[in-house]
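Numbering (the numbering used here), first residue to last: 526 to 777. A virtual CB, placed ideally from N, CA and C, is assigned to each residue, including glycine.
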Amino acid sequence: MQIRQIRNATLMLEYGGKRFLVDPFFAGQGTIPAFPNTPNQDKQNPLVGLPVAAEELVKVDAVFVTHLHLDHFDEAAKQVLPKDMPIYTQNEDDAEAIRKDGFFHVQSFEHGVQIEDVIIAKTNGQHGTGEIGKMMGNVSGIVYKHPYEKTLYIAGDTIWCDDVQEAIEAHDPEVIVVNGGAAQFLQGDPITMTKEDIYQTYKAAPQATIVVSHMEALNHCLLTRTELKSFIAEKVLSQRVVVPEDGEVLQF
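Written as structure tokens, this is what we have:
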């Protein structure tokens with residue numbers, strides 16, 4: 526497989542002879558206001574531009590949307606994606622919302638789907654704790670399996686929680702993509718993985734390589750790549766934890 530880190534949670538995945546785009550977020554740099562009730566209100570989102578033209582990113586077999594937050598499926602993506610693009614969502618409610626945007630090949634992967642020899646399963650997650658976690662709503666992860674590929678688990682927008690532990694135990698992934706950044710509001714705990722959450726994932730999956738996505742693209746993501754890499758070095762995790770730059774391609 527090849528995983529290309531695009532920006533934020535957007536990934537280009539080549540897997541089992543297919544090409545998938547995950548969580549398309551195509552907005553131009555600085556075109557969206559800072560998220561309300563978050564730190565760094567002087568910074569416009571996204572903080573960085575795309576490393577490759579959006580028009581190149583839509584040359585795929587299908588798109589997977591883990592949830593409908595702005596930084597995972599935005600207005601710019603809706604404009605660039607062909608209306609006949611196969612799109613898969615975490616549930617039927619999200620599928621119907623995307624159909625209302627004019628897309629007509631949209632279905633849920635809630636109960637699993639198969640695209641030729643690629644088998645796809647949905648996993649659950651927890652996008653924060655307490656009232657903020659409830660406010661953030663339902664989120665999902667995705668597991669990809671193929672007879673000649675390593676099993677890939679994209680955890681999505683989740684903190685370390687029982688859902689992530691259960692997904693690792695159920696699917697035994699060899700590659701795990703987690704959304705780092707430690708995104709946070711002015712109140713409450715982080716809503717994406719902190720460095721400690723990433724360490725918990727590392728310990729729970731000794732067979733897996735951990736890829737950290739969702740870094741340095743939004744005003745409320747407080748964990749930097751530099752800080753995370755220092756933590757990885759301190760804990761001697763570098764053999765199994767990778768923090769790609771935007772545009773970087775990883776092969777497994």
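Let me check understanding here. Comparing Cα to Cα, which of the options lies closest to residue i?
i    : options                   : result
V583 : F560, S738, L572 and F550 : F550
E721 : N704, L711, F710 and Q732 : N704
R624 : H636, P611 and E635       : P611
V689 : V638, P672, N565 and Y724 : Y724
I684 : Q566, V737, R765 and T563 : V737
G541 : K754, T676, H671 and D682 : H671
A692 : L572, Q632, A730 and R765 : A730
F777 : T719, P561, Y678 and T556 : Y678
M740 : L572, N565, A758 and E539 : L572
A695 : Y673, T648 and E539       : T648
D642 : Y673, Q764, L538 and T591 : Y673
Round the Cβ separation of residue i and residue j to the nearest angstrom and send it over; I've been treating them as touching at under 8 angstroms.
i    : j    : result
R532 : A742 : 5 angstroms
V668 : G650 : About 12 angstroms separates the two Cβ atoms, so there is no contact after all.
P769 : Q554 : Going by Cβ atoms, the distance from P769 to Q554 rounds to 19 angstroms, so no, they are not a contact pair.
E580 : V547 : No, E580 and V547 are not in contact; Cβ-Cβ is about 18 angstroms, not under 8 angstroms.
T676 : P698 : 5 angstroms
Does the separation of the CB atoms of residue i and residue j fall below 9 angstroms?
i    : j    : result
V702 : L536 : yes
K603 : D626 : yes
H630 : D609 : yes
I645 : Y613 : yes
V761 : T734 : no
E621 : E635 : no
A534 : D682 : yes
N562 : D596 : no
M718 : A680 : yes
Bridge partners for residue i per DSSP, in chain order?
i    : result
A587 : F545
K670 : I644
T535 : R532
A708 : C746
S633 : T614
R737 : For the record, residue 737 in the displayed sequence is Val; it is not Arg. Per DSSP, V703.
S763 : Answer is none; S763 lacks a bridge partner.
Y540 : K543
Q482 : What the structure shows of the chain is the stretch from 526 to 777, and residue 482 is not part of that stretch, so it cannot be assessed.
Spatial neighbours of residue i within its chain, please: CB distance less than 6 angstroms, with the 5 preceding and 5 following residues excluded, ordered by chain position.
i    : result
A601 : F551 and A552
R544 : V585 and D586
V577 : none
G653 : M661 and I716
G574 : Q554
G780 : Past the boundaries of the shown model lies residue 780; the chain is included only from 526 to 777, so the question cannot be answered.
C746 : G706 and A708
I557 : N570
N565 : N744
F628 : K608 and I612
Looking only at its chain, what residues have a beta carbon closer than 8 angstroms to the beta carbon of residue i, apart from the 5 residues adjacent to it on each side?
i    : result
K568 : A559 and N744
I657 : F710, Q712, G713, D714 and I716
V588 : F545, L546, V547, P549, L606, M610, P611, I612 and Y613
E752 : K720
C686 : G650 and Q651
Skipping 5 residues on each side, what residues in its chain have a beta carbon closer than 7 angstroms to that of residue i?
i    : result
V774 : Q527 and R529
R750 : M740, E741 and V768
The ligand PLP and residue i: does the residue's C-beta get closer than 8 angstroms to at least one heavy atom of that ligand?
i    : result
L677 : Absent from the structure shown: the ligand PLP. Ligands present: none.
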